[in-house]
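Counted the way the working numbering counts, the sequence shown spans residues -17 to 472.
What follows is a set of notes on a single structure, which appears directly below.
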Amino acid sequence: MNTAVVISLLIFLVIIFVIGFWSSRSLKNTAEESFLQEYFLGGRQLGGFILAMTMIATYGSASSFIGGPGVAYTEGFGWVLLSMSQVATGYFVLMILGKKFAIMARRYKAVTLIDYLKGRYQSKWVVLTAAFSIIIFLFAAMAAQWVGGARLIESLTGLNYTTALFIFAVSVLVYVIIGGFRAVALTDTVQGVVMFGGTLILLIATIAAGGGIGNIMADLTAENPNLVTPYGAEGSLSPTYVSSFWILVGVAVVGLPQVTVRAMSYKSSRSMHRALIIGTVVVGFIMLNMHLIGVFARPILPGIEVGDKVMPLIAQEVLPPWLAGIVLAAPMAAIMSTVDSLLLIVSSAVVKDVYLNYIKPDASNTRVKQMSFGVTAILGILVFLMALSPPDLLIWLNLFAFGGLEATFIWPVVLGLYWEAGNKYGALSSMVVGIASYIIVDQFFPNLFGLHNVVLPILLSLIAFVIVSLLTKSFVIQSSMNQEKIERSV
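Printed below as a string of structure tokens:
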């Protein structure tokens, strides 16, 4: 057990707890009726810097900091190129959703993505399908993150996996339940800064340990010339696959509920414009350099068989122990911030979108508070139990969850904003086709036509949305006219 590394990590966790307790004061001071907005959206008061950092820290998960560099270690520069599609993520989300989404969300008094869908489509089945897909897909994604957090603590402390998972679970649950979204956003800001600084320090130390970039490049070329080409170590990264992967981690991120909720939480247009610039620059910096560290680590630490161990091992190899602890707080931060955001989204899907909408619409504010805290705690315990015996599948489950959510939500969200003729039948058919086709392609026809599994379902769900909306257009107009007649006669 590396004591210096563990102490600096613990100091970081203490700081995170202090922020959680401090921001919980804003929950205590919140009027009863605005509790939901404060707990799940931070009272829509995020400034530009905090908005950018919370988007970065949420999107940059275990896969960006542990899985991504691990794959780059194996595949070489081809994977670095592939990962760079994520640079435009924050820009895309805020440009496509941006002001219009925030205005519509305020109009519908939306606290969650599903609130927006309910306000836009006025359909019980759209809401229930959306809540179902969020609970199922994000549950899977959360379990993968918890495994990542526990593995990191395990590799640093020498504790067994179960103890490491327990420490991680308790620390995440305490501050999410206490502080809500504002705690998440503020801790994300601290974590975003740590990720930025940690990435820079580790990159410099890795290059120095490898004897400079020229030396590292020569070693890589001598080992396998493919490592320095765009096509991967085995030549398996075809241009078709790489460009389609950009849809999964770049363009279609607009459909991820944990990212879209950020686009309704800022306080002004100026905040959003600042977040656009800061977010794009910081994501670009972190993604490029984290993946470069993975490739550069190969000549320094050859023969690592488990890719997920590259980051903890290289940090402990090239940095003094106290500094390695602070730098490894970055992936720890990434995992924690992703988990806390996912916890809040799944609990809001249960409390707000199912319980308040369809089970007990007249529930008292005190009851809603108790439900919000209780559901968050229960979900955390369930994920903990699921992560106790992690199957190898879990890491792939994370990308599977990403694709499933994107195929479900991208068109009901985007076309709901920009195409007035889109209706509830189009949205529902788009969601059902997206979910069904994604599962079928993923299970039975992986990488069809050399494309990533998410591409075809996104196209099919678009076709379903447009065709069904056009076919049911006259029916929707007729039913709304009949409704008006009934209201007049009443």
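Note that beta-carbon positions come from the ideal geometry of N, C-alpha and C, so glycine has one too.
Discussion item. The alpha helix (DSSP H) that contains residue 127, what's its start and end?
Written reply: Taken as a continuous stretch (DSSP letters only), the alpha helix (DSSP H) holding residue 127 covers 106 to 139.
Worksheet item: When DSSP labels each residue in this structure, what does residue 345 get in the three-state scheme?
Response: In the three-state DSSP reduction, residue 345 falls in the coil class, being neither helix nor strand.
Worksheet item: How many angstroms separate the CA atom of residue 411 from the CA atom of residue 49?
Response: Distance between the alpha carbons of residue 411 and residue 49: 34 Å.
Worksheet item: Hey, quick one: how far does the alpha helix (DSSP H) through residue 206 stretch, first residue to last?
Response: Where residue 206 is concerned, there is no enclosing alpha helix (DSSP H), given that its DSSP letter is neither H nor E.
Worksheet item: In three-state terms, what does DSSP make of residue 410?
Response: Assigned with DSSP and collapsed to three states, residue 410 falls in helix.
Worksheet entry | Residue span of the alpha helix (DSSP H) that contains residue 212, given as start and end | Here residue 212 belongs to no alpha helix (DSSP H), and DSSP marks it neither H nor E.
Worksheet item: Does the count of Cβ pairs from the region 345 to 357 and the region 320 to 337 closer than 8 Å reach three?
Response: They touch, by the three-pair rule.
Worksheet item: For residue 218, which three-state DSSP category applies?
Response: Three-state DSSP puts residue 218 in coil, outside helix and strand.
Worksheet entry | Endpoints, alpha helix (DSSP H) assigned at residue 401 | Per DSSP, residue 401 belongs to no alpha helix (DSSP H) and is neither H nor E.
Discussion item. What does the alpha-carbon distance come out to for the pair residue 133 and residue 63?
Written reply: Spanning the two alpha carbons is a distance of roughly 27 Å.
Worksheet item: Does DSSP put residue 98 in a helix, a strand or coil?
Response: Residue 98: helix per DSSP, three-state reduction.
Fill in: Closest Cα partner of residue 90 within the set 104, 77, 79, 78
Nearest to residue 90 by alpha-carbon distance, out of 104, 77, 79, 78, is 104.
Practice prompt. Please determine, among 314, 456, 293, the residue with the shortest C-alpha to C-alpha distance to residue 127.
Written response: Comparing Cα positions, the closest option is 314.
Worksheet entry | Reference residue 239, options 193, 386, 296, closest by Cα | Ranked by Cα distance from residue 239, the first of 193, 386, 296 is 386.
Discussion item. Out of 445, 81, 333, which one is the CA nearest neighbour of residue 345?
Written reply: In terms of CA proximity to residue 345, 333 leads the group 445, 81, 333.
Worksheet item: What does a CB cutoff of less than 8 Å around residue 77 pick up in its chain, not counting 5 residues either side in sequence?
Response: Closer than 8 Å at Cβ, skipping near neighbours: 258.
Discussion item. Which residue wins for smallest C-alpha separation from residue 290, given the options 56, -9, -13, -15?
Written reply: Closest by alpha carbon: 56.
Worksheet item: What is the rounded straight-line gap between the Cα of residue 142 and the Cα of residue 260?
Response: Each residue's alpha carbon lies about 39 Å from the other.
Discussion item. With three or more beta-carbon pairs closer than 8 Å as the criterion, would you say the region 106 to 116 touches the region 412 to 427?
Written reply: The region 106 to 116, when compared against the region 412 to 427, does touch it at the 8 Å Cβ threshold.
Discussion item. Relative to the C-alpha of residue 445, which candidate in 433, 428, 392 has its C-alpha closest?
Written reply: For the residues 433, 428, 392, the minimum Cα distance to residue 445 belongs to 392.
Worksheet item: Helix, strand or coil for residue 394 per DSSP?
Response: The three-state secondary structure of residue 394, taken from DSSP, is helix.
Worksheet item: With contact counted as at least three CB pairs below 8 Å, one residue from each stretch, are the region 297 to 304 and the region 182 to 198 in contact?
Response: In short, these stretches touch, since the Cβ pair count reaches three.
Worksheet item: Which class does residue 193 belong to by DSSP, given the choice of helix, strand or coil?
Response: The three-state reading of DSSP puts residue 193 in coil, since its state is none of H, G, I, E or B.
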